[in-house]
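Below is one structure, written out as structure tokens; the observations come after it.
Numbering (the numbering used here), first residue to last: 16 to 229.
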């Protein structure tokens with residue numbers, strides 16, 4: 016009887032890209048749901064107090080919409096990237112799990128910026144969190160460039176480079192807003208709007224959908 020323990024090669028995993036993406040979708044959905052739970056008003060208000068309570072909730076609504084948009088973009092970017100992934104290795108797996116950990120924690124910096132959005136610390140922390148989440152996706156694209164055998168057979172290197180540059184551009188916007196926040200937290204928030212033109216200017220050719228495994 017052979018008593019040797021079966022071991023996978025170091026670069027391979029037992030998880031398919033499709034199954035990992037399904038798991039990621041669940042994490043994104045939970046993170047978005049948790050964002051909405053922070054939008055509340057006190058109970059038992061008199062009719063004359065409801066308007067003031069709603070005005071007080073406006074910063075929370077704004078922070079929710081901001082993070083909802085950010086998570087939505089991250090979700091789209093990760094789906095576009097996974098269309099290029101043919102095989103997972105441990106590096107790709109760890110990068111993606113780290114990115115999901117940041118996404119799952121986004122309700123915390125969102126709450127922080129809704130309550131202390133006028134402070135440098137809250138604004139810089141939020142920007143750093145988003146920069147880290149996008150940077151980890153960029154790290155996955157860089158891994159595909161370094162190890163082309165992990166990509167699908169029909170993936171052109173130019174498409175991987177496009178994905179990398181889009182991630183780096185968005186990460187750059189949020190990362191460079193951190194020193195801006197030390198001068199003016201409000202200016203740093205307007206700085207984040209640069210992510211919109213950066214994303215569109217560097218938008219590459221769409222890759223065809225790859226059918227998911229049943």
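Beta carbons: idealized from backbone N, C-alpha and C, even for Gly.
As the structure is a prediction and not an experimental result, all values here were calculated from the model.
Straight-line Cα distance separating residue 186 from residue 210: To locate residue 210, count along the chain shown from 1; it is residue 195. To locate residue 186, count along the chain shown from 1; it is residue 171. Taking the straight line from one Cα to the other gives about 9 Å.
Close beta carbons around residue 36, own chain, < 6 Å, minus the five adjacent residues each side: Taking the first residue of the chain shown as position 1, residue 36 is located at position 21. Excluding sequence neighbours, residue 36 sits near 97.
Rounded C-alpha distance that separates residue 55 from residue 48: What you label residue 55 is simply residue 40 of the chain shown in a count that begins at 1. What you label residue 48 is simply residue 33 of the chain shown in a count that begins at 1. Their backbone Cα atoms lie some 14 Å apart in a straight line.
Enclosing alpha helix (DSSP H) for residue 188 [first to last residue]: For this step, residue 188 is matched to residue 173 along the chain shown. Unbroken alpha helix (DSSP H) run through residue 188: 172-198.
Exposure label - residue 59; buried when at least 16 CB within 10 Å: For this step, residue 59 is matched to residue 44 along the chain shown. Burial call: exposed.
DSSP three-state assignment for residue 73, whether helix, strand or coil: Residue numbering aside, residue 73 sits at position 58 when the chain shown is read from its first letter. Here residue 73 sits in helix by DSSP.
Residue 166 in three-state terms, based on DSSP: For the purposes of this step, residue 166 is taken as the residue at position 151 of the chain shown. Looking at residue 166 - three-state DSSP - the assignment turns out to be strand.
Uninterrupted alpha helix (DSSP H) stretches inside the stretch 22-106 (no shorter than 4 residues): 32-51, 62-97
Close-in-space but distant-in-sequence residues of the same chain around residue 154 (CB under 6 Å, 5 per side omitted): As a first step, residue 154 is located in the chain shown; it is residue number 139 there, counting from the start. Taken in chain order, the residues that qualify are 110.
At least 3 beta-carbon pairs within less than 8 Å: the stretch 130-138 vs the stretch 106-122: The stretch 130-138 vs the stretch 106-122: no contact.
CA-to-CA distance, residue 173 to residue 65, given in whole angstroms: Mapped onto the chain shown, residue 65 falls at position 50. Mapped onto the chain shown, residue 173 falls at position 158. Spanning the two alpha carbons is a distance of roughly 55 Å.
Length of the line joining the Cα atoms of residue 169 and residue 45: Here residue 169 corresponds to residue number 154 of the chain shown, with the count starting at 1. Here residue 45 corresponds to residue number 30 of the chain shown, with the count starting at 1. When rounded, the distance between both Cα atoms is 33 Å.
C-alpha gap between residue 95 and residue 203, whole angstroms: Numbered from 1 along the chain shown, position 80 holds the residue referred to as residue 95. Numbered from 1 along the chain shown, position 188 holds the residue referred to as residue 203. Going by the C-alpha atoms only, they are around 28 Å apart.
Within 8 Å, strictly: CB atoms of residue 121 and residue 144: As a first step, residue 121 is located in the chain shown; it is residue number 106 there, counting from the start. As a first step, residue 144 is located in the chain shown; it is residue number 129 there, counting from the start. Against a cut-off of 8 Å, the Cβ pair of residue 144 and residue 121 comes out as a contact.
Whole-angstrom distance between residue 151 and residue 53, CA atom to CA atom: As a first step, residue 53 must be located in the chain shown, where it is residue number 38. As a first step, residue 151 must be located in the chain shown, where it is residue number 136. Whole-angstrom Cα-Cα distance: 27 Å.
Inter-residue Cα distance where the pair is residue 89 and residue 68: For the purposes of this step, residue 89 is taken as the residue at position 74 of the chain shown. For the purposes of this step, residue 68 is taken as the residue at position 53 of the chain shown. Rounded to whole angstroms, residue 89 to residue 68 spans 32 Å at the Cα level.
N-terminal and C-terminal residue of the alpha helix (DSSP H) that residue 147 is part of: As a first step, residue 147 must be located in the chain shown, where it is residue number 132. Here the alpha helix (DSSP H) through residue 147 covers 135-161.
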